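Taking it in order: structure first as C-alpha coordinates, then the write-up.
In this note's numbering, the protein residues as written are -19 to 339.
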(Lines of atoms letter the chains of each structure in order from A and count residues from 1; the text may use other names and numbers.)
(Lines give C-alpha, C1' and ligand atoms only; values in the text may rest on other atoms or scores of the structure.)
Protein backbone atom coordinates (compact mmCIF):
# COMPACT_ATOMS: atom_id res chain seq x y z
CA UNK A 1 0.00 0.00 0.00
CA UNK A 2 1.41 3.36 -0.98
CA UNK A 3 1.83 5.93 1.73
CA UNK A 4 0.18 9.29 1.01
CA UNK A 5 2.31 12.31 0.44
CA UNK A 6 3.10 13.48 3.93
CA UNK A 7 2.33 16.98 5.03
CA UNK A 8 6.07 17.01 5.37
CA UNK A 9 8.11 18.46 2.62
CA UNK A 10 8.12 15.50 0.28
CA UNK A 11 9.39 16.92 -3.00
CA UNK A 12 6.39 17.31 -5.29
CA UNK A 13 7.06 16.49 -8.89
CA UNK A 14 6.51 19.39 -11.20
CA UNK A 15 6.10 18.36 -14.83
CA UNK A 16 6.63 21.54 -16.78
CA UNK A 17 5.61 22.12 -20.37
CA UNK A 18 6.91 25.22 -22.04
CA UNK A 19 5.42 27.82 -24.31
CA UNK A 20 8.14 28.42 -26.82
CA UNK A 21 7.75 31.90 -28.23
CA UNK A 22 9.98 33.21 -30.99
CA UNK A 23 8.15 36.42 -31.80
CA UNK A 24 5.68 34.86 -34.26
CA UNK A 25 1.90 35.29 -34.17
CA UNK A 26 -0.10 33.10 -31.80
CA UNK A 27 -1.09 29.68 -33.06
CA UNK A 28 -4.68 28.88 -34.10
CA UNK A 29 -4.85 26.65 -31.04
CA UNK A 30 -4.07 29.57 -28.72
CA UNK A 31 -6.37 31.93 -30.60
CA UNK A 32 -9.32 29.56 -30.27
CA UNK A 33 -8.60 29.26 -26.57
CA UNK A 34 -9.04 32.98 -26.14
CA UNK A 35 -12.24 32.94 -28.13
CA UNK A 36 -14.00 30.19 -26.21
CA UNK A 37 -12.70 30.98 -22.72
CA UNK A 38 -9.88 28.46 -22.83
CA UNK A 39 -11.79 25.49 -21.43
CA UNK A 40 -10.80 23.19 -24.27
CA UNK A 41 -7.18 24.22 -24.33
CA UNK A 42 -6.01 23.07 -20.92
CA UNK A 43 -5.90 19.31 -21.37
CA UNK A 44 -6.56 16.74 -24.02
CA UNK A 45 -8.08 13.30 -23.44
CA UNK A 46 -4.76 11.99 -22.15
CA UNK A 47 -4.54 14.66 -19.46
CA UNK A 48 -1.97 17.00 -21.04
CA UNK A 49 -2.35 20.04 -23.22
CA UNK A 50 -1.74 19.55 -26.92
CA UNK A 51 -0.12 22.98 -27.10
CA UNK A 52 2.72 21.73 -24.91
CA UNK A 53 6.04 21.86 -26.70
CA UNK A 54 8.58 20.95 -23.99
CA UNK A 55 8.68 19.64 -20.42
CA UNK A 56 11.01 19.68 -17.44
CA UNK A 57 10.98 19.07 -13.67
CA UNK A 58 11.07 21.26 -10.57
CA UNK A 59 10.61 20.65 -6.84
CA UNK A 60 8.97 22.46 -3.99
CA UNK A 61 11.46 24.55 -2.09
CA UNK A 62 13.08 22.96 0.98
CA UNK A 63 12.50 24.05 4.57
CA UNK A 64 15.09 24.61 7.31
CA UNK A 65 13.85 24.19 10.90
CA UNK A 66 15.97 25.73 13.66
CA UNK A 67 15.12 23.88 16.90
CA UNK A 68 15.66 25.65 20.24
CA UNK A 69 15.15 23.07 22.98
CA UNK A 70 14.45 23.79 26.65
CA UNK A 71 16.82 21.83 28.91
CA UNK A 72 15.95 23.71 32.09
CA UNK A 73 15.67 21.84 35.38
CA UNK A 74 11.91 21.46 35.16
CA UNK A 75 12.38 19.16 32.16
CA UNK A 76 13.77 16.54 34.56
CA UNK A 77 16.45 17.70 37.01
CA UNK A 78 16.92 14.39 38.85
CA UNK A 79 19.24 15.92 41.44
CA UNK A 80 16.37 18.07 42.71
CA UNK A 81 13.51 15.83 41.65
CA UNK A 82 12.69 14.73 45.18
CA UNK A 83 12.09 18.36 46.11
CA UNK A 84 10.38 19.75 43.03
CA UNK A 85 9.09 16.62 41.31
CA UNK A 86 11.29 17.10 38.23
CA UNK A 87 11.70 13.65 36.68
CA UNK A 88 13.23 12.77 33.32
CA UNK A 89 10.67 10.00 32.90
CA UNK A 90 7.80 12.48 32.65
CA UNK A 91 9.26 15.11 30.30
CA UNK A 92 12.85 14.80 29.14
CA UNK A 93 12.76 11.16 28.06
CA UNK A 94 9.46 11.11 26.13
CA UNK A 95 10.10 14.51 24.52
CA UNK A 96 13.64 13.72 23.39
CA UNK A 97 12.45 10.32 22.17
CA UNK A 98 9.78 12.10 20.15
CA UNK A 99 12.42 14.41 18.69
CA UNK A 100 14.53 11.39 17.69
CA UNK A 101 11.53 9.81 15.99
CA UNK A 102 10.85 13.00 14.05
CA UNK A 103 14.45 13.24 12.86
CA UNK A 104 14.33 9.57 11.77
CA UNK A 105 10.95 9.78 10.04
CA UNK A 106 11.05 9.28 6.27
CA UNK A 107 8.23 11.83 6.10
CA UNK A 108 10.80 14.46 7.12
CA UNK A 109 12.60 14.00 3.81
CA UNK A 110 13.23 17.36 2.18
CA UNK A 111 13.66 19.12 5.53
CA UNK A 112 16.92 20.18 7.13
CA UNK A 113 17.10 20.75 10.88
CA UNK A 114 19.52 22.15 13.45
CA UNK A 115 19.45 21.87 17.25
CA UNK A 116 20.54 24.06 20.14
CA UNK A 117 19.62 24.03 23.84
CA UNK A 118 18.88 26.58 26.52
CA UNK A 119 20.20 27.36 29.05
CA UNK A 120 23.85 26.87 28.18
CA UNK A 121 26.58 26.35 30.76
CA UNK A 122 28.19 29.76 30.21
CA UNK A 123 27.21 33.16 28.82
CA UNK A 124 23.64 31.94 29.03
CA UNK A 125 22.20 35.46 28.88
CA UNK A 126 24.01 36.27 25.62
CA UNK A 127 22.02 35.80 22.41
CA UNK A 128 25.20 35.15 20.45
CA UNK A 129 25.80 32.06 22.59
CA UNK A 130 22.71 30.45 21.07
CA UNK A 131 23.21 31.46 17.44
CA UNK A 132 25.51 28.57 16.53
CA UNK A 133 23.63 25.26 16.91
CA UNK A 134 25.20 22.28 18.62
CA UNK A 135 23.89 20.06 15.83
CA UNK A 136 24.43 21.97 12.58
CA UNK A 137 21.92 22.03 9.76
CA UNK A 138 21.35 18.38 8.83
CA UNK A 139 19.32 16.88 6.01
CA UNK A 140 16.57 14.57 7.29
CA UNK A 141 15.95 11.76 7.87
CA UNK A 142 19.18 11.38 9.84
CA UNK A 143 18.68 10.86 13.59
CA UNK A 144 22.29 9.97 14.40
CA UNK A 145 23.79 13.37 15.30
CA UNK A 146 20.65 14.36 17.21
CA UNK A 147 20.62 11.14 19.26
CA UNK A 148 24.28 11.64 20.16
CA UNK A 149 23.54 15.20 21.21
CA UNK A 150 20.51 14.40 23.36
CA UNK A 151 22.34 11.58 25.09
CA UNK A 152 25.08 14.01 26.14
CA UNK A 153 22.67 16.48 27.82
CA UNK A 154 20.92 16.65 31.17
CA UNK A 155 18.20 19.12 32.22
CA UNK A 156 19.47 21.74 34.65
CA UNK A 157 19.12 25.46 35.29
CA UNK A 158 16.69 28.25 34.47
CA UNK A 159 14.80 29.38 31.37
CA UNK A 160 16.54 32.25 29.51
CA UNK A 161 14.03 32.28 26.66
CA UNK A 162 14.78 35.76 25.32
CA UNK A 163 18.45 35.27 24.40
CA UNK A 164 17.69 31.72 23.23
CA UNK A 165 15.02 32.70 20.71
CA UNK A 166 17.01 35.75 19.66
CA UNK A 167 20.01 33.55 18.85
CA UNK A 168 17.81 31.05 17.00
CA UNK A 169 16.18 33.79 14.95
CA UNK A 170 19.57 35.26 14.11
CA UNK A 171 20.70 31.86 12.85
CA UNK A 172 17.49 31.44 10.81
CA UNK A 173 18.08 34.87 9.25
CA UNK A 174 21.59 33.78 8.36
CA UNK A 175 20.16 30.70 6.65
CA UNK A 176 17.66 32.81 4.73
CA UNK A 177 20.50 34.97 3.47
CA UNK A 178 22.52 31.90 2.51
CA UNK A 179 19.56 30.06 0.92
CA UNK A 180 17.21 32.82 -0.29
CA UNK A 181 14.92 30.45 -2.19
CA UNK A 182 14.29 28.29 0.91
CA UNK A 183 12.05 28.68 3.95
CA UNK A 184 13.70 28.94 7.38
CA UNK A 185 11.79 28.98 10.67
CA UNK A 186 12.41 28.55 14.41
CA UNK A 187 10.80 25.80 16.51
CA UNK A 188 10.79 26.60 20.24
CA UNK A 189 10.21 23.63 22.56
CA UNK A 190 9.66 24.68 26.19
CA UNK A 191 7.85 23.71 29.37
CA UNK A 192 7.63 27.09 31.05
CA UNK A 193 7.77 30.84 31.12
CA UNK A 194 11.05 32.79 30.94
CA UNK A 195 12.76 32.88 34.33
CA UNK A 196 16.04 34.63 33.53
CA UNK A 197 17.63 37.16 31.17
CA UNK A 198 14.45 38.84 29.98
CA UNK A 199 10.74 38.94 30.66
CA UNK A 200 7.86 37.21 28.92
CA UNK A 201 6.75 40.51 27.37
CA UNK A 202 10.23 41.06 25.97
CA UNK A 203 10.12 37.64 24.35
CA UNK A 204 6.74 38.41 22.77
CA UNK A 205 8.01 41.76 21.50
CA UNK A 206 11.08 40.17 19.94
CA UNK A 207 9.08 37.44 18.21
CA UNK A 208 6.61 39.98 16.87
CA UNK A 209 9.40 42.22 15.57
CA UNK A 210 10.97 39.35 13.64
CA UNK A 211 7.84 37.46 12.48
CA UNK A 212 7.70 39.09 9.05
CA UNK A 213 11.11 37.64 8.26
CA UNK A 214 11.37 34.54 10.47
CA UNK A 215 8.37 32.68 11.88
CA UNK A 216 8.59 30.96 15.27
CA UNK A 217 6.58 27.83 16.06
CA UNK A 218 5.99 27.01 19.74
CA UNK A 219 5.50 23.59 21.34
CA UNK A 220 4.46 23.66 24.99
CA UNK A 221 5.25 20.66 27.20
CA UNK A 222 2.80 20.28 30.08
CA UNK A 223 -0.39 21.88 31.39
CA UNK A 224 -1.27 25.48 32.26
CA UNK A 225 0.91 26.95 29.52
CA UNK A 226 -1.78 28.93 27.74
CA UNK A 227 0.49 31.98 27.81
CA UNK A 228 2.57 30.28 25.12
CA UNK A 229 -0.24 31.06 22.70
CA UNK A 230 0.87 34.69 22.88
CA UNK A 231 4.37 33.65 21.85
CA UNK A 232 3.12 31.67 18.87
CA UNK A 233 0.83 34.47 17.78
CA UNK A 234 3.67 36.98 18.05
CA UNK A 235 5.88 34.59 16.09
CA UNK A 236 3.41 34.58 13.21
CA UNK A 237 2.32 30.95 13.55
CA UNK A 238 -1.12 31.26 15.16
CA UNK A 239 -1.44 28.91 18.12
CA UNK A 240 1.09 27.10 20.27
CA UNK A 241 0.83 23.31 20.11
CA UNK A 242 0.42 21.81 23.57
CA UNK A 243 1.65 18.34 24.56
CA UNK A 244 -0.02 16.54 27.47
CA UNK A 245 1.94 14.68 30.15
CA UNK A 246 -0.65 11.99 30.82
CA UNK A 247 1.82 9.14 30.34
CA UNK A 248 5.26 8.90 28.71
CA UNK A 249 4.20 7.02 25.57
CA UNK A 250 1.26 9.35 24.95
CA UNK A 251 3.52 12.35 25.54
CA UNK A 252 6.02 11.08 22.99
CA UNK A 253 3.27 10.31 20.46
CA UNK A 254 1.65 13.72 20.90
CA UNK A 255 5.00 15.41 20.52
CA UNK A 256 5.70 13.60 17.25
CA UNK A 257 2.24 14.62 16.05
CA UNK A 258 2.95 18.23 17.05
CA UNK A 259 6.19 18.28 15.09
CA UNK A 260 4.40 16.73 12.13
CA UNK A 261 1.85 19.56 12.22
CA UNK A 262 4.65 22.13 12.27
CA UNK A 263 6.39 20.31 9.44
CA UNK A 264 3.24 20.65 7.35
CA UNK A 265 2.71 24.31 8.16
CA UNK A 266 6.32 25.21 7.48
CA UNK A 267 6.29 23.66 4.03
CA UNK A 268 6.61 26.21 1.28
CA UNK A 269 4.39 25.80 -1.73
CA UNK A 270 6.60 28.07 -3.78
CA UNK A 271 8.71 26.68 -6.57
CA UNK A 272 11.10 28.29 -9.02
CA UNK A 273 9.59 28.92 -12.44
CA UNK A 274 11.66 26.66 -14.70
CA UNK A 275 13.53 28.21 -17.57
CA UNK A 276 12.41 27.76 -21.15
CA UNK A 277 14.49 25.56 -23.47
CA UNK A 278 17.53 27.15 -25.05
CA UNK A 279 16.71 29.72 -27.68
CA UNK A 280 13.09 30.06 -26.58
CA UNK A 281 11.20 32.72 -24.65
CA UNK A 282 8.70 31.99 -21.89
CA UNK A 283 5.34 33.75 -21.91
CA UNK A 284 3.97 34.27 -18.36
CA UNK A 285 0.44 34.51 -19.78
CA UNK A 286 0.67 31.02 -21.25
CA UNK A 287 1.19 29.07 -18.03
CA UNK A 288 -1.23 26.69 -16.34
CA UNK A 289 -0.87 24.82 -13.07
CA UNK A 290 -2.66 21.53 -12.49
CA UNK A 291 -3.01 19.15 -9.56
CA UNK A 292 -2.83 15.48 -10.38
CA UNK A 293 -2.48 12.13 -8.67
CA UNK A 294 -1.25 8.78 -9.88
CA UNK A 295 -4.82 7.98 -10.92
CA UNK A 296 -4.64 10.75 -13.51
CA UNK A 297 -2.03 8.93 -15.56
CA UNK A 298 -3.83 7.63 -18.64
CA UNK A 299 -7.17 8.49 -17.03
CA UNK A 300 -8.79 11.61 -15.65
CA UNK A 301 -6.91 14.75 -16.73
CA UNK A 302 -5.25 16.82 -14.01
CA UNK A 303 -7.35 19.58 -12.48
CA UNK A 304 -6.36 22.95 -13.92
CA UNK A 305 -6.17 25.65 -11.25
CA UNK A 306 -7.14 29.26 -11.82
CA UNK A 307 -4.62 32.04 -11.54
CA UNK A 308 -5.38 34.40 -8.61
CA UNK A 309 -2.87 37.15 -7.88
CA UNK A 310 -4.27 37.70 -4.35
CA UNK A 311 -5.01 34.04 -3.52
CA UNK A 312 -8.55 35.07 -2.61
CA UNK A 313 -9.39 31.70 -4.12
CA UNK A 314 -7.44 29.29 -1.89
CA UNK A 315 -7.59 26.68 -4.66
CA UNK A 316 -5.60 28.80 -7.08
CA UNK A 317 -2.01 29.83 -7.72
CA UNK A 318 -0.03 32.98 -8.47
CA UNK A 319 3.34 34.40 -9.49
CA UNK A 320 5.65 36.39 -7.28
CA UNK A 321 5.54 39.09 -9.99
CA UNK A 322 3.47 38.59 -13.13
CA UNK A 323 5.52 41.16 -15.04
CA UNK A 324 8.81 39.40 -14.30
CA UNK A 325 7.95 36.06 -12.67
CA UNK A 326 10.58 33.85 -11.09
CA UNK A 327 8.37 31.83 -8.74
CA UNK A 328 5.09 29.93 -8.82
CA UNK A 329 3.16 29.77 -5.53
CA UNK A 330 0.20 27.54 -4.75
CA UNK A 331 -2.53 29.16 -2.65
CA UNK A 332 -3.44 27.66 0.73
CA UNK A 333 -5.91 24.92 -0.23
CA UNK A 334 -3.92 23.92 -3.30
CA UNK A 335 -0.79 23.75 -1.18
CA UNK A 336 -2.48 21.50 1.36
CA UNK A 337 -3.79 19.20 -1.35
CA UNK A 338 -0.47 18.70 -3.07
CA UNK A 339 1.08 17.75 0.27
CA UNK A 340 -1.65 15.29 1.22
CA UNK A 341 -3.10 13.63 -1.89
CA UNK A 342 -1.77 10.14 -2.50
CA UNK A 343 0.46 10.18 -5.55
CA UNK A 344 0.05 13.95 -5.65
CA UNK A 345 1.90 15.94 -8.26
CA UNK A 346 1.92 19.43 -9.66
CA UNK A 347 1.86 19.82 -13.43
CA UNK A 348 2.97 23.21 -14.66
CA UNK A 349 1.89 23.40 -18.29
CA UNK A 350 3.29 26.21 -20.39
CA UNK A 351 1.91 26.89 -23.83
CA UNK A 352 -1.83 27.45 -23.30
CA UNK A 353 -3.57 30.66 -22.28
CA UNK A 354 -3.55 30.95 -18.48
CA UNK A 355 -6.85 29.97 -16.91
CA UNK A 356 -8.34 32.76 -14.81
CA UNK A 357 -5.82 35.41 -15.82
CA UNK A 358 -7.42 38.85 -16.11
CA UNK A 359 -5.70 40.84 -18.83
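In this text, a Cβ means the ideal position worked out from N, Cα and C, and glycines have one as well.
All values reported here derive from a predicted model rather than from experimental measurement.
So, helix, strand or coil for residue 194, using DSSP? To locate residue 194, count along the chain shown from 1; it is residue 214. If DSSP states are grouped into helix, strand and coil, residue 194 belongs with coil.
If you scan the region 120 to 188 from start to end, which runs of the beta strand (DSSP E) of 3 or more residues do you find wholly inside it? Taking only runs of at least 3 residues, the beta strand (DSSP E) segments lying wholly in the region 120 to 188 are 163 to 170.
In its own chain, which residues sit with a C-beta less than 7 Å from the C-beta of residue 305, not counting the 5 before and 5 after it? Here residue 305 refers to the residue found at position 325 when the chain shown is read from its first residue. Excluding five sequence positions before and after residue 305, the CB atoms of its chain that fall closer than 7 Å to its own CB belong to 253, 264, 299, given in chain order.
Output the boundary residues of the alpha helix (DSSP H) element that contains residue 236. Position 256 of the chain shown, counted from the start, is the residue given in the question as residue 236. Here the alpha helix (DSSP H) through residue 236 covers 228 to 246.
Give a yes or no on whether the C-beta atoms belonging to residue 78 and residue 235 are separated by under 9 Å. To locate residue 78, count along the chain shown from 1; it is residue 98. To locate residue 235, count along the chain shown from 1; it is residue 255. The answer is yes: Cβ separation under 9 Å.
What residue from 157, 145, 301 has the CA that sits closest to residue 108's CA? Locating residue 108 in the chain shown gives position 128, counting from the first residue. For residue 108, the nearest C-alpha among the options comes from 145.
Just reading off the alpha helix (DSSP H) that residue 81 is part of, what are its end residues? Walking along the chain shown from the start, residue 81 turns up at place 101. Under the DSSP assignment, residue 81 falls in the alpha helix (DSSP H) whose first and last residues are 72 to 84.
Residue 69 vs residue 228 beta-carbon contact at 9 Å: Within the chain shown, the letter at position 89 stands for residue 69. Within the chain shown, the letter at position 248 stands for residue 228. The answer is yes: Cβ separation under 9 Å.
Throw me the rounded Cβ distance for the residue 222 and residue 244 pair, which I believe falls under 8 Å. Start at 1 with the first residue of the chain shown, and residue 222 comes out as number 242. Start at 1 with the first residue of the chain shown, and residue 244 comes out as number 264. Between residue 244 and residue 222 the Cβ distance is about 17 Å, and since that is not below 8 Å, they are no contact.
Coil, strand or helix - residue 208 by DSSP: Counted from its first residue, the chain shown places residue 208 at position 228. Reduced to three states, the DSSP call for residue 208 is helix.
DSSP on residue 214, reduced to helix/strand/coil? Taking the chain shown and counting its residues from 1, one reaches residue 214 at position 234. DSSP, read as helix, strand or coil, puts residue 214 in helix.
On the CB-based measure, 16 or more other CB atoms within 10 Å of its CB, does residue 196 come out buried or exposed? Here residue 196 refers to the residue found at position 216 when the chain shown is read from its first residue. By the Cβ neighbour-count rule, residue 196 is buried, with 16 or more other Cβ atoms within 10 Å of its own.
Indicate whether residue 81 and residue 44 have their beta-carbon atoms separated by less than 9 Å. Along the chain shown, read from residue 1 onward, the residue named residue 81 stands at position 101. Along the chain shown, read from residue 1 onward, the residue named residue 44 stands at position 64. No; because the gap between Cβ atoms is not below 9 Å, this pair is not in contact.
Under the rule that 16 or more other beta-carbon atoms within 10 Å means buried, what is residue 160, buried or exposed? As a working note, residue 160 is residue 180 in the chain shown. Burial call: exposed.
Specify the secondary structure class of residue 200 as computed by DSSP and reduced to three states. Indexing the chain shown from 1 puts residue 200 at position 220. DSSP places residue 200 in strand when its eight states are reduced to three.
How would you call residue 51, buried or exposed, if buried means at least 16 neighbouring beta carbons within 10 angstroms? Against the chain shown, residue 51 aligns to sequence position 71. Residue environment for residue 51: buried (at least 16 other C-beta atoms within 10 angstroms of its C-beta).
Nearest to residue 42 by alpha carbon, out of 167, 72, 247, 169? As a position in the chain shown, residue 42 is number 62, starting the count at 1. The candidate whose alpha carbon is nearest that of residue 42 is 247.
Spatial neighbours of residue 210 in its chain, beta-carbon cut-off 6 Å, leaving aside the 5 residues before and after: One-based indexing of the chain shown puts residue 210 at position 230. Cβ neighbours of residue 210 beyond the five flanking positions: 184.
Through-space distance from residue 89 to residue 329, alpha-carbon basis: By 1-based counting over the chain shown, the position of residue 329 is 349. By 1-based counting over the chain shown, the position of residue 89 is 109. Approximately 26 Å, taken between the alpha carbons.
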